[in-house]
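Working notes for the structure below.
Laid out in structure tokens, this is it:
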């Protein structure tokens with residue numbers, strides 16, 4: 005197999021040739037068809053997340069075909085197309101796992117962070133944490149759904165029944181979530197980097213009622229806002245944009261420091277929330293919604309060997325939607 009491997013944070017990934025991995029009991033081996041490049045991968049590579057296992061193969065928005073099955077695996081067959089997401093394993097016995105909050109498990113494993121991920125031609129996965137994709141016809145277009153889509157969906161659930169919804173950072177997650185929210189009949193307000201006309205045009209083409217810079221305020225207060233950009237300064241800006249009793253949901257795994265802000269913009273029962281990881285139930289629900297809502301992703305594809313280029317382009321905001329590696 006080939007893999008793009010991170011040996012030290014802050015350094016480029018290295019292309020390596022390795023023996024094909026063999027699944028342990030309870031695991032499956034997946035031949036990777038596509039792996040989207042997530043901002044979380046960028047945080048791992050740049051050393052912004054603590055203690056990644058190195059060397060590590062990043063990548064956790066994976067679509068591929070099962071080509072080998074470990075002992076004890078049932079319900080999955082060779083040739084089945086599956087998706088693999090960020091949450092790669094949970095303990096199953098901590099208080100979070102037993103209460104329906106496995107996304108907060110005390111002993112989790114994460115794909116591309118604590119176990120090798122999908123920037124490779126093959127990947128091993130816990131069979132209990134893969135998702136059959138019987139309706140997938142385009143692996144590259146489907147790959148961003150496995151994190152950008154799933155985390156966006158969890159963020160939307162936490163935003164409640166907000167009718168006027170602001171999305172800060174119109175990248176991979178927001179361009180998917182906007183379509184779900186419009187399908188639900190919500191009004192979308194897209195906040196991009198100031199002057200990013202291309203992102204604003206994409207938002208409007210996907211049904212946003214308004215699109216502008218993140219330094220602007222909407223004409224009317226929002227019911228809720230979701231922040232996908234890893235910029236702490238957007239938190240007080242979003243709090244100023246939401247109505248009394250409104251919610252601001254932080255959807256990223258990492259964010260720059262939130263600056264000091266006056267209590268008055270949090271007062272009147274505004275809520276500030278964060279989203280962590282996802283549950284398998286989130287994935288199952290969201291993947292059922294995708295065909296009903298007619299979700300279409302905007303992707304730029306790269307060869308596996310171009311993983312460093314894809315990460316650099318993501319860092320610089322040089323494409324719309326999502327980047328996807330296609331081995």
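Numbering (my numbering), first residue to last: 5 to 331. Note that CB positions come from ideal geometry on N, CA and C, so glycine has one too.
Determine the closest residue to residue 305 out of 25, 115, 41, 209, with distance taken between C-alpha atoms.
Nearest option by C-alpha distance: 41.
Where residue 162 sits in the DSSP three-state scheme
In the three-state reduction of the DSSP assignment, residue 162 falls in the helix class.
Quick one: is residue 296 buried, meaning 16 or more other Cβ sit within 10 Å of its Cβ, or exposed?
It is exposed - the Cβ of residue 296 has fewer than 16 other Cβ atoms within 10 Å.
Less than 6 Å between C-beta atoms, sequence neighbours within five positions excluded: which residues of the same chain meet that for residue 208?
Only 215 meet the Cβ criterion.
Do the CB positions of residue 223 and residue 250 come within less than 8 Å of each other?
In this structure, residue 223 sits away from residue 250, with a CB-CB distance that is not shorter than 8 Å.
Spatial neighbours of residue 91 within its chain, please: CB distance less than 7 Å, with the 5 preceding and 5 following residues excluded, ordered by chain position.
Contacts found: 107, 112, 114, 133, 281, 282.
Within 8 Å, do at least three Cβ pairs link the stretch 27-41 to the stretch 73-80?
Short answer: they touch.
To the nearest angstrom, how far is the alpha carbon of residue 195 from that of residue 172?
Computed Cα separation, rounded: 5 Å.
Completely contained alpha helix (DSSP H) runs for the stretch 113-193, where each covers 4 or more residues:
Within the stretch 113-193, complete alpha helix (DSSP H) segments of at least 4 residues are found at 143-146, 152-162, 176-187, given in chain order.
At the level of alpha carbons, what is the spacing between residue 239 and residue 230?
Roughly 10 Å separates the two Cα atoms.
Using only CA atoms, which one of 247, 150, 119 lies nearest to residue 289?
Answer by Cα proximity: 150.
On the CB-based measure, 16 or more other CB atoms within 10 Å of its CB, does residue 271 come out buried or exposed?
Burial call: exposed.
Does residue 44 come out as helix, strand or coil in the three-state DSSP assignment?
Helix, per DSSP.
Exposed unless 16 or more other CB atoms sit within 10 angstroms - verdict on residue 26:
Its Cβ having fewer than 16 others within 10 Å, residue 26 is exposed.
The beta strand (DSSP E) spanning residue 18 covers which residue range?
Counting along the chain, the beta strand (DSSP E) containing residue 18 begins and ends at 18-21.
Compare the C-alpha of residue 331 against each of 60, 16, 143 and name the closest.
Among 60, 16, 143, the Cα nearest to that of residue 331 is on 143.
Where do the ends of the beta strand (DSSP E) carrying residue 12 lie?
Boundaries for residue 12: no beta strand (DSSP E) harbours it, and the DSSP string shows neither H nor E there.
Suppose only complete runs of 3+ residues qualify. What are the beta strand (DSSP E) ranges in the stretch 254-305, listed by chain order?
Look at the stretch 254-305 and you find these whole runs of beta strand (DSSP E), each 3 residues long or longer: 275-278.
So is residue 153 buried or exposed if we call it buried at 16+ other beta carbons inside 10 Å?
Result: buried.
Is the beta carbon of residue 10 sitting closer than 8 Å to the one on residue 49?
In this structure, residue 49 lies closer than 8 Å to residue 10 by Cβ.
Does residue 91 come out as helix, strand or coil in the three-state DSSP assignment?
Shown here, residue 91 sits in a strand according to DSSP, grouped into three states.
Buried or exposed: which applies to residue 45, given that a residue is buried once 16 or more other Cβ atoms fall within 10 Å of its Cβ?
For residue 45, the number of other beta carbons within 10 angstroms of its own is at least 16, and it is reported as buried.
Buried or exposed: residue 23, going by 16 or more other Cβ atoms within 10 Å of its Cβ?
It counts as exposed.
Are the Cβ atoms of residue 185 and residue 206 separated by less than 8 Å?
Result no, Cβ atoms of residue 185 and residue 206 do not sit closer than 8 Å.
The alpha helix (DSSP H) with residue 208 in it runs from where to where?
From DSSP, the alpha helix (DSSP H) with residue 208 extends over 201-209.
Integer Cβ distance of residue 225 from residue 246, believed to fall under 8 Å:
Confirmed, Cβ separation roughly 6 Å.
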